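As structure tokens, the structure follows; a few thoughts come after it.
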Amino acid sequence: MNWLVESGYFAAAVVFILGLKRMSHPSTARSGIHWAGIAMVVATLLTFLHPQIDGRYGLMLLAIVIGGGIAWYSGNKVEMTDMPQMIAIYNGMGGGAAAAIAAVELMRMSDNPALIEQHGSLALWLGVLGAMIGAVAFSGSIVAWAKLDGRLKKAFNFPSQQLINMIVLGLTVYLGVVIAAVEPSSSLVLVFFALALLFGAMLALPIGGADMPVIISLFNALTGLAVAMEGFVLGNAAMIIAGTVVGAAGTLLTQLMAKAMNRPIRNVLFKQFGGASGVEQGEIEGSMKASDPMDAAVQLAFAERVIIVPGYGMAVAQAQHKVWEMVELLGERGVEVRFAIHPVAGRMPGHMNVLLAEAGVPYDMIADLDEINNDFETTDVTLVIGANDVVNPVAKNDASSPLYGMPILNADQSRNVLVIKRGQGSGFSGVENHLFYLDHTRMVYGDGQKVVGDMITALKTL
2 MNWLVESGYF AAAVVFILGL KRMSHPSTAR SGIHWAGIAM VVATLLTFLH
52 PQIDGRYGLM LLAIVIGGGI AWYSGNKVEM TDMPQMIAIY NGMGGGAAAA
102 IAAVELMRMS DNPALIEQHG SLALWLGVLG AMIGAVAFSG SIVAWAKLDG
152 RLKKAFNFPS QQLINMIVLG LTVYLGVVIA AVEPSSSLVL VFFALALLFG
202 AMLALPIGGA DMPVIISLFN ALTGLAVAME GFVLGNAAMI IAGTVVGAAG
252 TLLTQLMAKA MNRPIRNVLF KQFGGASGVE QGEIEGSMKA SDPMDAAVQL
302 AFAERVIIVP GYGMAVAQAQ HKVWEMVELL GERGVEVRFA IHPVAGRMPG
352 HMNVLLAEAG VPYDMIADLD EINNDFETTD VTLVIGANDV VNPVAKNDAS
402 SPLYGMPILN ADQSRNVLVI KRGQGSGFSG VENHLFYLDH TRMVYGDGQK
452 VVGDMITALK TL
């Protein structure tokens with residue numbers, strides 16, 4: 002029976018990896034999610050056959066029913082605009098589960114020291130490390146969820162914050178070493194977990210809104226590593242393989258996100274950026290020039306090439322369906338339209354891609370920054386919908402700006418720029434967008450869905 006379970010775990014892990022690979026492209030992402038889900042279901046069912054379960058099926062079924070029911074309900078209810086915070090909270094649950102497994106094993110070892118020899122010293126060290134990482138990912142993800150959900154509306158900073166964080170981390174590591182090298186007593190284990198949870202929360206509290214995509218990806222990587230380490234402690238091949246793959250993918254994605262913002266990981270963790278108020282601004286030449294939906298529709302209707310840059314404002318307004326309806330009308334007039342996606346547009350990696358796919362936008366009309374950035378020079382009109390920092394030209398020409406060096410979409414190089422925006426506020430970074438003040442930029446103020454709807458009405462009359 003044990004051979005059957007382990008073989009099944011390995012097969013499930015392979016299917017999980019194949020599913021993750023299919024998630025790398027929009028056209029196969031849905032089936033990839035199904036593959037990974039099936040693999041997790043198989044692994045869960047196989048666990049009922051594991052020799053160490055010892056007939057405790059009632060508790061397992063109760064946990065599955067409660068957890069699965071909550072997930073099913075919340076997954077069906079959640080709005081697309083709330084997906085980032087759902088990803089954050091679910092990711093935190095993964096880290097919390099890994100930490101909980103470690104807590105159970107460490108407490109068992111404190112009650113029965115003979116289990117230490119059974120697990121082995123290496124497994125004990127990995128278990129402690131996985132426990133710390135999982136606890137940090139859990140509490141940090143909870144804070145990230147609260148920030149994205151608007152429950153924590155600002156970055157929290159206090160004097161000597163980083164020094165205090167380092168002291169908490171140092172104490173956590175010290176207790177972890179004592180537990181692994183000396184004895185995993187119950188009192189030490191409890192204090193160890195309390196400090197790890199505290200450090201995770203303190204790590205995420207000062208993170209500003211602009212860095213949220215990076216920090217979510219980082220916590221995802223930590224969750225994967227924690228699961229892999231606890232899998233080693235339990236001798237569970239499925240956990241080892243799946244956790245390693247998730248950890249590696251999350252690490253690579255974190256590096257890509259940080260590169261897209263030109264922000265080293267150490268700066269994301271230890272230097273606030275985004276969500277700050279009172280960011281010093283240089284003098285801006287020119288003024289914002291307002292337009293109306295009718296004039297904007299005329300510009301788009303008589304253009305040859307149009308690029309649309311979506312941002313979180315489009316998600317908040319839930320305007321993606323109206324945008325696609327407008328693009329179809331432009332296509333009937335012979336206008337070539339493409340979408341330009343910045344890697345950190347929205348609140349999480351791929352956020353804009355998901356919204357556009359939901360609206361039915363073909364994948365070949367969506368291009369990443371590297372694929373489309375050189376095309377702005379030959380574009381008649383760039384339409385920016387709810388995006389801000391990712392099109393701010395100060396990132397290219399103002400060394401004193403917090404955005405300097407961040408790769409942006411070259412919307413300013415288009416012949417004409419239209420910006421749909423609720424008001425004149427700055428983006429998450431708190432930096433004023435100089436694109437809005439350029440001579441060839443026109444601002445169309447209002448709710449994204451309503452403005453695009455008015456533009457559709459105007460297009461139909463032309």
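This note's numbering applies: residue 2 is where the sequence shown begins, and numbers increase by one. Where a beta carbon is used, it is the ideal one built from N, C-alpha and C, also for glycine. Bear in mind the structure is a predicted one, so any value in this text is a computation, not a measurement.
Among the options, whose alpha-carbon lies nearest the alpha-carbon of residue i?
i	options	result
residue 360	322, 167, 314 and 171	322
residue 306	261, 340 and 382	382
residue 52	407, 460, 252 and 7	7
residue 80	57, 414, 318 and 183	318
residue 294	96, 143 and 422	422
residue 343	310, 162 and 196	310
residue 379	411, 22 and 390	411
residue 1	115, 176 and 113	Here the chain comprises residues numbered 2 to 463, so residue 1 is not present and cannot be evaluated.
residue 434	452, 454, 417 and 413	413
residue 27	394, 356 and 123	356
residue 393	376, 371 and 418	418
residue 178	127, 206 and 150	127
residue 252	285, 215, 231 and 240	215
residue 462	43, 331 and 10	331
residue 3	384, 237 and 370	237
If you follow the alpha helix (DSSP H) that residue i is in, where does it begin and where does it stop?
i	result
residue 143	122-149
residue 260	238-261
residue 324	321-333
residue 453	449-462
residue 22	3-23
residue 398	395-398
residue 178	162-182
residue 315	313-318
residue 91	84-112
residue 152	Unbroken run through residue 152: none, as it is neither H nor E.
residue 213	213-235
residue 444	It is not in any alpha helix (DSSP H) - residue 444 instead sits in the beta strand (DSSP E) that spans 442-446.
residue 50	Where residue 50 is concerned, there is no enclosing alpha helix (DSSP H), given that its DSSP letter is neither H nor E.
residue 77	58-78
Mapping the DSSP letters down to three states, classify residue i as helix, strand or coil.
i	result
residue 304	coil
residue 389	coil
residue 417	strand
residue 290	coil
residue 285	coil
residue 410	coil
residue 280	Because the pLDDT of residue 280 is 46, which lies under 50, any placement of that residue in the model is unreliable, and the number read from its coordinates should be weighed accordingly. Looking at residue 280 - three-state DSSP - the assignment turns out to be coil, as it is neither helix nor strand.
residue 423	coil
residue 384	strand
residue 348	coil
residue 42	helix
residue 362	coil
residue 208	coil
residue 355	helix
residue 275	Confidence at residue 275 is low in this model, with a pLDDT of 48, below 50, so the placement of that residue should be treated as unreliable; the coordinate-derived value is given next. The answer is coil: DSSP assigns residue 275 none of H, G, I, E or B.
residue 310	strand
residue 439	coil
Tell me which residues share the same chain as residue i and place their Cβ nearer than 6 Å to its Cβ, disregarding the 5 neighbours each side in the sequence.
i	result
residue 107	185 and 190
residue 20	33, 36 and 37
residue 245	229
residue 96	135, 138, 139, 224 and 227
residue 397	none
residue 40	13, 16 and 17
residue 320	449, 450 and 453
residue 384	309 and 419
residue 337	306
residue 247	225
Can you tell me where the beta strand (DSSP E) holding residue i begins and where it ends?
i	result
residue 369	367-369
residue 339	337-342
residue 374	Looking at the DSSP string, residue 374 is not in any beta strand (DSSP E), and its letter there is neither H nor E.
Excluding sequence positions up to five away, which residues of its chain have a Cβ less than 7 Å from the Cβ of residue i?
i	result
residue 339	308, 366, 368 and 373
residue 187	108 and 111
residue 117	110 and 125
residue 444	289, 290, 291, 292, 420, 422 and 437
residue 458	none
residue 193	173, 176, 177 and 180
residue 162	207
residue 455	294
* To do: Give a yes or no on contact between the stretch 314-326 and the stretch 363-374, applying the rule of three or more CB pairs nearer than 8 Å.
  => Pairwise C-beta distances place the stretch 314-326 out of contact with the stretch 363-374, as fewer than three of them are shorter than 8 Å.
* Are there three or more Cβ pairs, one per stretch, closer than 8 Å when the stretch 94-112 is compared with the stretch 219-230? -> They touch, by the three-pair rule.
* Three CB pairs or more closer than 8 Å across the stretch 249-265 and the stretch 284-292 -> By the C-beta criterion, the stretch 249-265 is judged not to be in contact with the stretch 284-292, since fewer than 3 inter-stretch pairs fall below 8 Å.
* **At least 3 beta-carbon pairs within less than 8 Å: the stretch 154-171 vs the stretch 214-221** => In this structure the stretch 154-171 does not touch the stretch 214-221; the number of beta carbon pairs closer than 8 Å is below three.
* Does the pairing of the stretch 392-409 with the stretch 446-453 give three or more beta-carbon distances under 8 Å? -> The answer is no - the stretch 446-453 does not touch the stretch 392-409, with fewer than three Cβ pairs under 8 Å.
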